[in-house]
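The sequence shown begins at 1 in UniProt numbering and counts up one residue at a time.
Below is one structure, written out as C-alpha coordinates, with a few remarks after it.
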Amino acid sequence: MSKCGKSFYIKVSFSVRCFVSGAYNKMGKDNELVAAEAKLLLESRKIVPPLTQKSYKGQAGRIGVIGGSLEYTGAPYFSAISALKVGCDLSHVFCPKDAAIVIKSYSPELIVHPVLDAKDAVEQIKPWIPRLHALVIGPGLGKEPSAIEIVSDIINLCRTGDSEYQKPLVIDADGLFMITQNPEVIRNYPHGAILTPNAIEFSRLAKVILQEDWAATPEPAMENVKRLAVALGPNIIVLHKGKVDVIADGGSGSVWQCSGPGVGRRCGGQGDLLSGSLGVFYTWALMASRKSDSKCQLPPGVIASYAGCRLTRECAVRAVARAGRSTVASDMIDEIHPAFETLLGE
(Lines of atoms letter the chains of each structure in order from A and count residues from 1; the text may use other names and numbers.)
(Lines give C-alpha, C1' and ligand atoms only; values in the text may rest on other atoms or scores of the structure.)
Protein backbone atom coordinates (compact mmCIF):
# COMPACT_ATOMS: atom_id res chain seq x y z
CA MET A 1 0.00 0.00 0.00
CA SER A 2 1.27 3.47 -0.87
CA LYS A 3 0.22 6.20 1.52
CA CYS A 4 -0.74 9.59 0.07
CA GLY A 5 -1.83 12.23 2.60
CA LYS A 6 -2.72 11.60 6.22
CA SER A 7 -5.29 8.88 5.82
CA PHE A 8 -5.71 8.11 2.14
CA TYR A 9 -4.28 4.93 0.72
CA ILE A 10 -3.83 3.87 -2.87
CA LYS A 11 -3.84 0.17 -3.58
CA VAL A 12 -1.01 -0.45 -5.98
CA SER A 13 -2.27 -3.33 -8.07
CA PHE A 14 -1.67 -2.17 -11.60
CA SER A 15 1.14 -0.78 -13.76
CA VAL A 16 1.50 2.43 -15.69
CA ARG A 17 3.95 3.18 -18.44
CA CYS A 18 4.48 6.55 -20.02
CA PHE A 19 5.46 7.03 -23.65
CA VAL A 20 6.52 10.63 -24.30
CA SER A 21 7.17 11.88 -27.85
CA GLY A 22 7.63 8.31 -29.02
CA ALA A 23 10.24 7.48 -26.40
CA TYR A 24 9.40 4.45 -24.30
CA ASN A 25 10.23 4.96 -20.62
CA LYS A 26 9.44 1.92 -18.51
CA MET A 27 9.67 2.38 -14.78
CA GLY A 28 11.82 -0.65 -14.10
CA LYS A 29 12.47 -0.35 -10.39
CA ASP A 30 9.67 -0.98 -7.98
CA ASN A 31 10.07 2.34 -6.20
CA GLU A 32 9.99 4.26 -9.49
CA LEU A 33 6.89 2.37 -10.62
CA VAL A 34 5.12 3.07 -7.35
CA ALA A 35 6.05 6.76 -7.64
CA ALA A 36 4.68 6.95 -11.19
CA GLU A 37 1.45 5.24 -10.20
CA ALA A 38 1.01 7.45 -7.17
CA LYS A 39 1.64 10.58 -9.23
CA LEU A 40 -0.97 9.66 -11.83
CA LEU A 41 -3.57 8.86 -9.21
CA LEU A 42 -2.75 12.03 -7.30
CA GLU A 43 -3.20 14.03 -10.51
CA SER A 44 -6.66 12.49 -10.75
CA ARG A 45 -7.36 13.32 -7.11
CA LYS A 46 -6.47 16.97 -7.67
CA ILE A 47 -9.40 17.52 -9.99
CA VAL A 48 -12.12 16.19 -7.65
CA PRO A 49 -14.08 19.14 -6.25
CA PRO A 50 -14.61 19.11 -2.49
CA LEU A 51 -18.03 18.41 -1.03
CA THR A 52 -18.87 21.68 0.67
CA GLN A 53 -22.01 23.41 1.89
CA LYS A 54 -20.87 26.55 0.08
CA SER A 55 -21.51 25.02 -3.35
CA TYR A 56 -24.77 25.25 -5.27
CA LYS A 57 -26.53 22.87 -7.64
CA GLY A 58 -24.72 22.62 -10.94
CA GLN A 59 -21.24 23.61 -9.80
CA ALA A 60 -20.00 20.00 -9.79
CA GLY A 61 -21.00 19.56 -13.40
CA ARG A 62 -23.92 19.49 -15.81
CA ILE A 63 -23.50 16.77 -18.41
CA GLY A 64 -25.47 16.20 -21.60
CA VAL A 65 -25.68 12.75 -23.21
CA ILE A 66 -26.77 12.81 -26.86
CA GLY A 67 -27.90 9.43 -28.11
CA GLY A 68 -30.46 6.72 -27.74
CA SER A 69 -32.84 5.22 -30.28
CA LEU A 70 -35.89 2.99 -30.36
CA GLU A 71 -33.66 -0.10 -30.21
CA TYR A 72 -31.05 1.22 -27.78
CA THR A 73 -32.36 2.86 -24.62
CA GLY A 74 -29.95 1.29 -22.14
CA ALA A 75 -26.75 2.90 -23.42
CA PRO A 76 -27.71 6.57 -22.87
CA TYR A 77 -29.20 5.65 -19.50
CA PHE A 78 -26.03 3.88 -18.34
CA SER A 79 -23.90 6.81 -19.50
CA ALA A 80 -26.07 9.48 -17.89
CA ILE A 81 -26.63 7.67 -14.60
CA SER A 82 -22.90 6.91 -14.35
CA ALA A 83 -22.19 10.62 -14.70
CA LEU A 84 -24.53 11.34 -11.80
CA LYS A 85 -23.07 8.62 -9.61
CA VAL A 86 -19.51 9.77 -10.30
CA GLY A 87 -20.52 13.16 -8.96
CA CYS A 88 -21.99 15.62 -11.43
CA ASP A 89 -25.05 17.51 -10.21
CA LEU A 90 -27.30 17.28 -13.27
CA SER A 91 -27.40 14.76 -16.09
CA HIS A 92 -29.40 15.34 -19.27
CA VAL A 93 -30.29 12.91 -22.06
CA PHE A 94 -31.20 14.20 -25.52
CA CYS A 95 -32.88 11.33 -27.36
CA PRO A 96 -35.63 10.51 -29.88
CA LYS A 97 -39.24 10.67 -28.75
CA ASP A 98 -39.66 6.88 -29.01
CA ALA A 99 -36.84 6.33 -26.50
CA ALA A 100 -37.68 9.08 -24.03
CA ILE A 101 -40.45 7.45 -21.99
CA VAL A 102 -38.41 4.27 -21.63
CA ILE A 103 -35.35 6.17 -20.42
CA LYS A 104 -37.45 8.30 -18.08
CA SER A 105 -38.85 5.11 -16.56
CA TYR A 106 -35.36 3.86 -15.73
CA SER A 107 -34.62 6.75 -13.38
CA PRO A 108 -36.33 9.88 -12.05
CA GLU A 109 -32.92 11.51 -11.55
CA LEU A 110 -32.28 12.05 -15.26
CA ILE A 111 -33.56 15.01 -17.27
CA VAL A 112 -34.76 13.51 -20.55
CA HIS A 113 -35.44 15.60 -23.66
CA PRO A 114 -37.44 13.80 -26.43
CA VAL A 115 -36.10 15.98 -29.25
CA LEU A 116 -33.39 14.17 -31.19
CA ASP A 117 -35.67 13.05 -34.03
CA ALA A 118 -37.53 16.35 -34.37
CA LYS A 119 -37.24 18.30 -37.62
CA ASP A 120 -35.82 21.21 -35.66
CA ALA A 121 -33.76 19.06 -33.27
CA VAL A 122 -30.69 21.29 -33.34
CA GLU A 123 -32.76 24.38 -32.60
CA GLN A 124 -34.45 22.63 -29.68
CA ILE A 125 -31.15 21.39 -28.23
CA LYS A 126 -29.28 24.65 -28.87
CA PRO A 127 -30.65 26.61 -25.85
CA TRP A 128 -29.52 23.84 -23.50
CA ILE A 129 -25.90 23.68 -24.61
CA PRO A 130 -24.77 26.87 -22.80
CA ARG A 131 -26.08 25.36 -19.55
CA LEU A 132 -23.93 22.25 -19.88
CA HIS A 133 -20.25 21.69 -19.13
CA ALA A 134 -19.61 18.74 -21.45
CA LEU A 135 -21.37 16.59 -24.04
CA VAL A 136 -21.19 12.80 -24.34
CA ILE A 137 -22.07 11.87 -27.90
CA GLY A 138 -22.99 8.46 -29.29
CA PRO A 139 -24.37 6.03 -26.68
CA GLY A 140 -27.21 4.14 -28.36
CA LEU A 141 -27.42 6.70 -31.17
CA GLY A 142 -27.79 4.18 -33.97
CA LYS A 143 -26.66 4.62 -37.54
CA GLU A 144 -29.66 6.31 -39.13
CA PRO A 145 -28.39 9.04 -41.51
CA SER A 146 -30.83 11.58 -40.05
CA ALA A 147 -29.50 11.05 -36.51
CA ILE A 148 -25.90 11.23 -37.71
CA GLU A 149 -26.62 14.48 -39.54
CA ILE A 150 -28.25 16.07 -36.49
CA VAL A 151 -25.35 15.15 -34.22
CA SER A 152 -22.84 16.40 -36.79
CA ASP A 153 -24.67 19.74 -36.85
CA ILE A 154 -24.53 19.92 -33.04
CA ILE A 155 -20.77 19.33 -33.08
CA ASN A 156 -20.39 22.01 -35.73
CA LEU A 157 -22.36 24.41 -33.52
CA CYS A 158 -20.00 23.65 -30.65
CA ARG A 159 -17.01 24.15 -32.95
CA THR A 160 -18.00 27.46 -34.56
CA GLY A 161 -20.56 28.98 -32.20
CA ASP A 162 -20.03 31.71 -29.65
CA SER A 163 -18.09 30.90 -26.49
CA GLU A 164 -21.21 29.72 -24.65
CA TYR A 165 -21.52 26.83 -27.14
CA GLN A 166 -17.86 25.79 -27.09
CA LYS A 167 -17.93 22.54 -25.12
CA PRO A 168 -15.57 19.60 -24.60
CA LEU A 169 -16.82 16.35 -26.08
CA VAL A 170 -16.65 12.65 -25.28
CA ILE A 171 -17.42 10.53 -28.35
CA ASP A 172 -18.19 6.83 -28.11
CA ALA A 173 -20.05 4.02 -29.88
CA ASP A 174 -22.14 5.25 -32.82
CA GLY A 175 -20.51 8.65 -32.46
CA LEU A 176 -17.32 6.96 -33.64
CA PHE A 177 -19.22 5.49 -36.59
CA MET A 178 -20.22 9.06 -37.44
CA ILE A 179 -16.53 10.00 -37.59
CA THR A 180 -15.76 7.14 -39.98
CA GLN A 181 -18.42 8.59 -42.29
CA ASN A 182 -17.08 12.14 -42.00
CA PRO A 183 -13.73 12.58 -40.23
CA GLU A 184 -13.85 16.35 -40.70
CA VAL A 185 -16.64 16.58 -38.15
CA ILE A 186 -14.04 16.12 -35.39
CA ARG A 187 -10.65 16.77 -37.01
CA ASN A 188 -8.95 19.74 -35.33
CA TYR A 189 -11.94 20.32 -33.06
CA PRO A 190 -10.62 23.23 -30.98
CA HIS A 191 -12.38 22.77 -27.64
CA GLY A 192 -11.19 19.31 -26.65
CA ALA A 193 -12.55 15.85 -27.42
CA ILE A 194 -11.94 12.35 -26.07
CA LEU A 195 -12.62 9.47 -28.48
CA THR A 196 -13.07 6.05 -26.89
CA PRO A 197 -12.75 3.32 -29.54
CA ASN A 198 -12.53 -0.38 -28.79
CA ALA A 199 -10.31 -2.58 -30.96
CA ILE A 200 -12.75 -2.85 -33.86
CA GLU A 201 -13.72 0.82 -33.78
CA PHE A 202 -10.05 1.81 -33.68
CA SER A 203 -9.31 -0.33 -36.72
CA ARG A 204 -12.13 1.32 -38.66
CA LEU A 205 -11.00 4.81 -37.68
CA ALA A 206 -7.43 4.05 -38.73
CA LYS A 207 -8.58 2.81 -42.12
CA VAL A 208 -10.54 5.98 -42.83
CA ILE A 209 -8.24 8.57 -41.28
CA LEU A 210 -4.78 7.05 -41.80
CA GLN A 211 -5.55 4.72 -44.72
CA GLU A 212 -4.02 1.93 -42.66
CA ASP A 213 -5.35 -1.64 -42.50
CA TRP A 214 -4.56 -2.54 -38.91
CA ALA A 215 -6.02 -5.72 -37.51
CA ALA A 216 -8.32 -5.21 -34.54
CA THR A 217 -6.46 -6.18 -31.38
CA PRO A 218 -6.95 -5.49 -27.66
CA GLU A 219 -3.20 -4.75 -27.48
CA PRO A 220 -2.46 -2.13 -30.16
CA ALA A 221 0.95 -0.69 -30.85
CA MET A 222 1.38 2.49 -28.81
CA GLU A 223 2.74 4.30 -31.84
CA ASN A 224 -0.42 3.51 -33.80
CA VAL A 225 -2.69 5.05 -31.17
CA LYS A 226 -0.45 8.10 -31.11
CA ARG A 227 -0.55 8.41 -34.91
CA LEU A 228 -4.34 8.45 -34.95
CA ALA A 229 -4.55 11.06 -32.19
CA VAL A 230 -1.99 13.33 -33.88
CA ALA A 231 -3.78 13.00 -37.22
CA LEU A 232 -7.05 14.13 -35.64
CA GLY A 233 -5.57 17.26 -34.11
CA PRO A 234 -3.87 18.88 -31.13
CA ASN A 235 -6.96 18.95 -28.91
CA ILE A 236 -7.97 15.34 -29.46
CA ILE A 237 -7.41 12.43 -27.06
CA VAL A 238 -7.74 8.88 -28.36
CA LEU A 239 -8.48 6.40 -25.59
CA HIS A 240 -8.13 2.87 -26.95
CA LYS A 241 -10.03 0.43 -24.73
CA GLY A 242 -8.51 -3.02 -24.47
CA LYS A 243 -6.56 -5.41 -22.32
CA VAL A 244 -4.57 -2.32 -21.47
CA ASP A 245 -6.16 1.11 -21.92
CA VAL A 246 -4.01 3.40 -24.05
CA ILE A 247 -4.42 7.18 -23.87
CA ALA A 248 -2.82 9.23 -26.66
CA ASP A 249 -2.67 13.04 -26.67
CA GLY A 250 -2.81 14.49 -30.18
CA GLY A 251 -1.22 17.73 -29.02
CA SER A 252 1.89 16.65 -27.14
CA GLY A 253 2.23 13.24 -28.77
CA SER A 254 2.46 11.66 -25.33
CA VAL A 255 0.91 8.24 -24.76
CA TRP A 256 -0.11 6.88 -21.39
CA GLN A 257 -0.91 3.31 -20.57
CA CYS A 258 -3.10 2.20 -17.67
CA SER A 259 -3.26 -1.50 -16.95
CA GLY A 260 -4.57 -3.35 -14.00
CA PRO A 261 -6.70 -6.20 -12.79
CA GLY A 262 -9.06 -6.96 -15.62
CA VAL A 263 -12.15 -9.11 -15.84
CA GLY A 264 -13.20 -11.65 -18.42
CA ARG A 265 -16.79 -10.43 -18.36
CA ARG A 266 -17.62 -8.32 -21.41
CA CYS A 267 -21.27 -7.40 -20.95
CA GLY A 268 -22.89 -4.50 -22.73
CA GLY A 269 -22.86 -1.15 -20.98
CA GLN A 270 -19.30 -1.08 -19.67
CA GLY A 271 -18.27 1.47 -22.27
CA ASP A 272 -21.25 3.61 -21.34
CA LEU A 273 -20.11 3.67 -17.72
CA LEU A 274 -16.76 4.90 -19.00
CA SER A 275 -18.21 7.57 -21.30
CA GLY A 276 -20.43 9.01 -18.59
CA SER A 277 -17.61 9.12 -16.07
CA LEU A 278 -15.33 10.74 -18.66
CA GLY A 279 -17.82 13.55 -19.16
CA VAL A 280 -17.60 14.35 -15.45
CA PHE A 281 -13.85 13.91 -15.07
CA TYR A 282 -13.23 16.05 -18.18
CA THR A 283 -15.41 18.79 -16.70
CA TRP A 284 -13.58 18.64 -13.39
CA ALA A 285 -10.14 18.53 -15.02
CA LEU A 286 -10.88 21.60 -17.12
CA MET A 287 -12.26 23.44 -14.09
CA ALA A 288 -9.17 22.57 -12.07
CA SER A 289 -6.77 23.59 -14.85
CA ARG A 290 -8.38 27.03 -15.15
CA LYS A 291 -7.91 27.93 -11.50
CA SER A 292 -5.22 30.50 -10.78
CA ASP A 293 -3.67 28.17 -8.21
CA SER A 294 -3.98 25.03 -10.34
CA LYS A 295 -1.54 22.29 -9.39
CA CYS A 296 -2.36 19.97 -12.29
CA GLN A 297 0.75 18.86 -14.16
CA LEU A 298 -0.87 16.97 -17.04
CA PRO A 299 -3.33 17.98 -19.79
CA PRO A 300 -6.97 17.88 -18.62
CA GLY A 301 -7.94 15.29 -21.23
CA VAL A 302 -5.18 12.94 -20.11
CA ILE A 303 -6.12 13.24 -16.44
CA ALA A 304 -9.80 12.71 -17.23
CA SER A 305 -9.08 9.69 -19.41
CA TYR A 306 -6.88 8.06 -16.82
CA ALA A 307 -9.37 8.67 -14.01
CA GLY A 308 -12.20 7.25 -16.11
CA CYS A 309 -10.26 4.15 -17.13
CA ARG A 310 -9.07 3.44 -13.63
CA LEU A 311 -12.51 3.88 -12.10
CA THR A 312 -14.20 1.68 -14.70
CA ARG A 313 -11.67 -1.09 -14.17
CA GLU A 314 -12.13 -0.95 -10.42
CA CYS A 315 -15.92 -1.08 -10.77
CA ALA A 316 -15.66 -4.12 -13.03
CA VAL A 317 -13.33 -5.99 -10.68
CA ARG A 318 -15.57 -5.31 -7.70
CA ALA A 319 -18.75 -6.28 -9.54
CA VAL A 320 -17.33 -9.55 -10.86
CA ALA A 321 -16.03 -10.44 -7.41
CA ARG A 322 -19.60 -10.13 -6.18
CA ALA A 323 -21.65 -11.46 -9.11
CA GLY A 324 -19.18 -13.46 -11.19
CA ARG A 325 -20.45 -14.63 -14.56
CA SER A 326 -23.84 -13.04 -13.83
CA THR A 327 -22.35 -9.54 -13.73
CA VAL A 328 -24.15 -6.91 -15.81
CA ALA A 329 -23.54 -3.20 -16.28
CA SER A 330 -25.93 -2.29 -13.47
CA ASP A 331 -23.76 -4.29 -11.06
CA MET A 332 -20.73 -2.27 -12.12
CA ILE A 333 -22.58 1.02 -11.73
CA ASP A 334 -23.51 0.00 -8.19
CA GLU A 335 -19.78 -0.14 -7.44
CA ILE A 336 -19.03 3.43 -8.50
CA HIS A 337 -19.10 4.91 -5.00
CA PRO A 338 -16.85 2.36 -3.26
CA ALA A 339 -14.50 2.29 -6.26
CA PHE A 340 -14.32 6.09 -6.33
CA GLU A 341 -13.71 6.26 -2.59
CA THR A 342 -10.89 3.71 -2.80
CA LEU A 343 -9.13 5.41 -5.70
CA LEU A 344 -9.89 9.10 -5.37
CA GLY A 345 -11.21 9.71 -1.87
CA GLU A 346 -14.54 11.30 -0.96
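Each residue gets a CB set at the ideal place from its N, CA and C atoms; glycine is no exception.
Assignment of residue 88 by DSSP, reduced to helix, strand and coil, places it in the coil class. Note that the C-beta distance between residue 267 and residue 309 is not below 7 Å. Between the alpha carbons of residue 252 and residue 346 lies a gap of roughly 31 Å. Rounded to whole angstroms, residue 76 and residue 272 show a C-alpha spacing of 7 Å. Every alpha helix (DSSP H) stretch that sits fully inside the segment 211–281 and reaches 4 residues is listed by chain position as 222–232.
Straight across, the Cα-Cα distance linking residue 344 with residue 49 is about 11 Å.
Burial of residue 314 is indicated by the presence of at least 16 other C-beta atoms within 10 angstroms of its C-beta.
Excluding five sequence positions before and after residue 183, the CB atoms of its chain that fall closer than 7 Å to its own CB belong to 208, 209, given in chain order. With contacts defined by Cβ atoms closer than 7 Å, residue 137 and residue 151 form a contacting pair. Here residue 69 is near residue 140, since their CB atoms are less than 7 Å apart. Beta-bridge partners assigned by DSSP to residue 135: 64, 169. Pairwise C-beta distances place the segment 212–222 out of contact with the segment 187–195, as fewer than three of them are shorter than 8 Å.
Here residue 112 is bridged, per DSSP, to 93. Contact between residue 97 and residue 117 holds: CB atoms are separated by about 6 Å, below the 8 Å threshold.
The secondary-structure analysis by DSSP pairs residue 193 across a beta bridge with 169, 236. Look at residue 299 here: in three-state DSSP terms it is coil, with no helix or strand label.
In this structure, residue 281 places its C-beta atom within 7 Å of the C-beta atom of residue 307.
Counted as a single uninterrupted DSSP element, the alpha helix (DSSP H) harbouring residue 145 occupies residues 145–160. Distance from the CA of residue 227 to the CA of residue 215, rounded to the nearest whole angstrom, comes to 15 Å. Here residue 85 is buried, its C-beta having at least 16 other C-beta atoms within 10 Å. Taken through DSSP and simplified to helix, strand or coil, residue 74 comes out as helix. Using a C-beta cut-off of 8 Å, the segment 54–74 makes contact with the segment 85–95, since at least three inter-stretch Cβ pairs fall below that distance. The Cβ-Cβ distance between residue 169 and residue 197 does not fall below 7 Å. For residue 331, the uninterrupted alpha helix (DSSP H) run begins and ends at 329–333, by DSSP. The beta carbon of residue 329 sits closer than 8 Å to the beta carbons of 74, 78, 267, 268, 269, 270, 272, 273 from its chain, once the five residues preceding and following it are set aside; these are given in chain order. If you draw a straight line from the Cα of residue 317 to the Cα of residue 311, it is about 10 Å long.
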